[in-house]
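Colleague:
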Amino acid sequence: MIDTIAARLDEAAVTRTALAQFGADAGLDVATAYQVQDALVARRVGRGEAVVGVKLGLTSRAKMTQMGVDEVIWGRLTDAMHISDGGTVDLSGHIHPKVEPEVAFLVEGGAIAAVAPAVELIDSRYRDFRFTLPEVIADNTSASGFVVGPWQPVPDNVDNLGVLLEVDGRVAQVGSTAAILGDPRRALPEAARLAGELRDGWVLLAGAATAAVPLTPGAHVRVTVEQLGTVSLRASA
Ligand code: OOG
Ligand code: MG
């Protein structure tokens with residue numbers, strides 16, 4: 015059952031075809047869903063991808079409300095998901111991508127070594143971006159891409175910084191880093207608790223500070239976090 019669901023989610027991602035939700039009959043609970051995620055990520059690793067970090071999801075009220083799911087979840091980031099700052103993402107590689115403003119941490123020696131503004135690209139493999147908690151966990155928490163801005167030392171306070179998501183120069187979302195677990199630095203112990211070992215050099219995405227917005231053809235997306243600066247990406251036409 016675990017392998018079958020992982021294979022279907024993997025195929026949905028590879029062929030960019032949204033899946034129907036598995037429904038109650040699949041008997042997917044949270045523990046089984048993480049086993050599906052393990053199997054799904056193992057398939058990516060089997061194709062040569064490397065795990066380069068972890069992401070937390072649903073760490074803000076805005077995201078919990080938008081997705082109708084209210085528990086912190088985690089997923090894996092691979093090198094194939096990395097998009098360089100200012101880079102262009104090929105929309106044909108996605109089903110119905112959305113972008114959300116995040117804070118990224120660099121992990122060294124089990125601690126936070128640096129911080130950066132970030133954009134996460136999420137792309138649910140389920141039709142209409144609708145899922146239950148176990149279903150989104152199985153789907154590697156909709157992970158699809160991430161862009162990290164310039165790394166810098168962590169300022170004394172990062173628990174109440176303004177967050178701005180702009181699309182084509184227009185404000186799409188505004189928020190505060192306070193929305194992320196009350197203080198985004200809490201992402202480190204939270205990720206360690208959920209994911210276990212965090213390796214040196216890994217990126218940790220603390221979770222979106224606002225709701226996500228659809229990424230449309232040709233859009234230019236810019237995220238600014240007060241004191242941390244700016245990160246951007248462009249969508250292919
Ligand atoms: C699930 C992933 C949530 C976040 O930052 O809250 C997430 C989804 O919204 O599809 O990445
Ligand atoms: Mg996210």
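The working numbering numbers the first residue of the sequence shown as 15 and each following residue consecutively.
For every residue, glycine included, the Cβ atom is placed at its ideal position computed from N, Cα and C.
If I measure Cβ to Cβ from MET95 and keep anything under 7 Å in the same chain, skipping five residues before and after, which residues do I get?
Modeller: The residue given as residue 95 occupies position 81 in the sequence shown. Answer for MET95: ALA157, SER158, GLY159 and PHE160, listed in chain order.
Colleague: Which residues mark the beginning and the end of the alpha helix (DSSP H) in which VAL168 is found?
Modeller: For this step, residue 168 is matched to residue 154 along the sequence shown. Taken as a continuous stretch (DSSP letters only), VAL168 belongs to no alpha helix (DSSP H), as it is neither H nor E.
Colleague: Under 9 Å between the Cβ atoms of LEU70 and ALA205?
Modeller: Looking up residue 70 in the sequence shown gives position 56. Looking up residue 205 in the sequence shown gives position 191. Yes, the Cβ-Cβ distance between LEU70 and ALA205 is below 9 Å.
Colleague: Between VAL121 and GLY215, is the Cβ-Cβ spacing less than 9 Å?
Modeller: The count along the sequence shown starts at 1 and reaches residue 121 at position 107. The count along the sequence shown starts at 1 and reaches residue 215 at position 201. Yes, they are a contact pair.
Colleague: Determine the burial state of ARG138: buried for a count of at least 16 other Cβ atoms within 10 Å of its Cβ, exposed for fewer.
Modeller: Here residue 138 refers to the residue found at position 124 of the sequence shown. According to the sequence shown, residue 138 is Ser rather than Arg. With 16 or more other Cβ atoms within 10 Å, it is buried.
Colleague: Taking 9 Å as the threshold (C-beta atoms), are THR92 and VAL66 in contact?
Modeller: Residue numbering aside, residue 66 sits at position 52 when the sequence shown is read from its first letter. Residue numbering aside, residue 92 sits at position 78 when the sequence shown is read from its first letter. In contact: VAL66 and THR92 (Cβ atoms closer than 9 Å).
Colleague: Taking only three categories from DSSP, how would you classify ARG248?
Modeller: In the sequence shown, the residue the question calls residue 248 occupies position 234. Strand at ARG248.
Colleague: From ASP99, SER190, HIS108 and GLN49, pick the residue whose C-alpha is nearest to that of ALA27; which is it?
Modeller: On the sequence shown, residue 27 is found 13 positions in, with the first residue counted as 1. For ALA27, the nearest C-alpha among the options comes from HIS108.
Colleague: Indicate whether the contact test is met: 3 or more Cβ pairs, each with one atom in the segment 82-92 and one in the segment 226-237, closer than 8 Å.
Modeller: Output reads no: the segment 226-237 does not touch the segment 82-92.
Colleague: Quick one: using the 10 Å Cβ neighbour count with 16 as the cut-off for buried, is ALA56 buried or exposed?
Modeller: In the sequence shown, counting from the first residue as 1, residue 56 sits at position 42. By the 10 Å Cβ count, ALA56 comes out exposed.
Colleague: Roughly how many whole angstroms lie between the Cα atoms of ILE16 and LEU135?
Modeller: In the sequence shown, residue 16 corresponds to position 2, counting from 1. In the sequence shown, residue 135 corresponds to position 121, counting from 1. The straight-line gap from Cα to Cα measures roughly 26 Å.
Colleague: To the nearest angstrom, how far is the alpha carbon of LEU229 from that of GLY221?
Modeller: Taking the first residue of the sequence shown as position 1, residue 229 is located at position 215. Taking the first residue of the sequence shown as position 1, residue 221 is located at position 207. Each residue's alpha carbon lies about 18 Å from the other.
Colleague: SER74: buried (16+ other C-beta within 10 angstroms of its C-beta) or exposed?
Modeller: As a working mapping, residue 74 is identified with position 60 in the sequence shown. By the neighbour-count rule (16 or more Cβ atoms within 10 Å), SER74 is buried.
Colleague: Given this structure, state the Cα-to-Cα distance separating ALA249 from SER98, to the nearest angstrom.
Modeller: The sequence position of residue 249 within the sequence shown is 235, counting from 1. The sequence position of residue 98 within the sequence shown is 84, counting from 1. C-alpha separation (whole angstroms): 13 Å.
Colleague: Run the CB neighbour count on VAL188, radius 10 Å, all protein chains shown included, and call it buried at 16 or more, exposed below.
Modeller: As a position in the sequence shown, residue 188 is number 174, starting the count at 1. Its Cβ having fewer than 16 others within 10 Å, VAL188 is exposed.
Colleague: Does the beta-carbon of ILE97, which I'm using as the reference point, lie nearer than 8 Å to any heavy atom of the ligand MG?
Modeller: As a position in the sequence shown, residue 97 is number 83, starting the count at 1. The answer is no for ILE97.
Colleague: Specify the secondary structure class of GLU211 as computed by DSSP and reduced to three states.
Modeller: Here residue 211 corresponds to residue number 197 of the sequence shown, with the count starting at 1. Here GLU211 sits in coil by DSSP.
Colleague: Which of the three DSSP states, helix, strand or coil, is assigned to GLN187?
Modeller: Position 173 of the sequence shown, counted from the start, is the residue given in the question as residue 187. DSSP places GLN187 in strand when its eight states are reduced to three.
Colleague: Spatial neighbours of ALA186 within its chain, please: C-beta separation below 7 Å, excluding the five flanking residues on both sides.
Modeller: Position 172 of the sequence shown, counting from 1, holds the residue named residue 186. Closer than 7 Å at the Cβ level, and outside the excluded window around ALA186, lie LEU179, GLU180 and VAL227.
Colleague: In the DSSP assignment, what are the bridge partners of TYR48?
Modeller: Position 34 of the sequence shown, counting from 1, holds the residue named residue 48. Paired residue(s): none; TYR48 is not in a bridge.
Colleague: Examine the ligand MG and report whether any of its heavy atoms sits within less than 8 Å of the Cβ of GLU114.
Modeller: On the sequence shown, position 100 is the one that residue 114 refers to. Checking the Cβ of GLU114 against the ligand MG gives yes.
Colleague: Taking only heavy atoms of the ligand MG into account, decide whether any of them is closer than 8 Å to the Cβ of ALA222.
Modeller: Working through the sequence shown from its first residue, we reach residue 222 at position 208. Yes, Cβ of ALA222 sits closer than 8 Å to a heavy atom of the ligand MG.
Colleague: Judging by CA-CA distance, which residue of THR31, ASP39, GLY163 and GLN166 is the nearest neighbour of SER106?
Modeller: For the purposes of this step, residue 106 is taken as residue 92 along the sequence shown, with counting starting at 1. Closest option to SER106, Cα to Cα, is THR31.
Colleague: With burial defined as no fewer than 16 other Cβ atoms inside 10 Å of the residue's Cβ, what is the status of ARG184: buried or exposed?
Modeller: The residue given as residue 184 occupies position 170 in the sequence shown. ARG184 comes out exposed.
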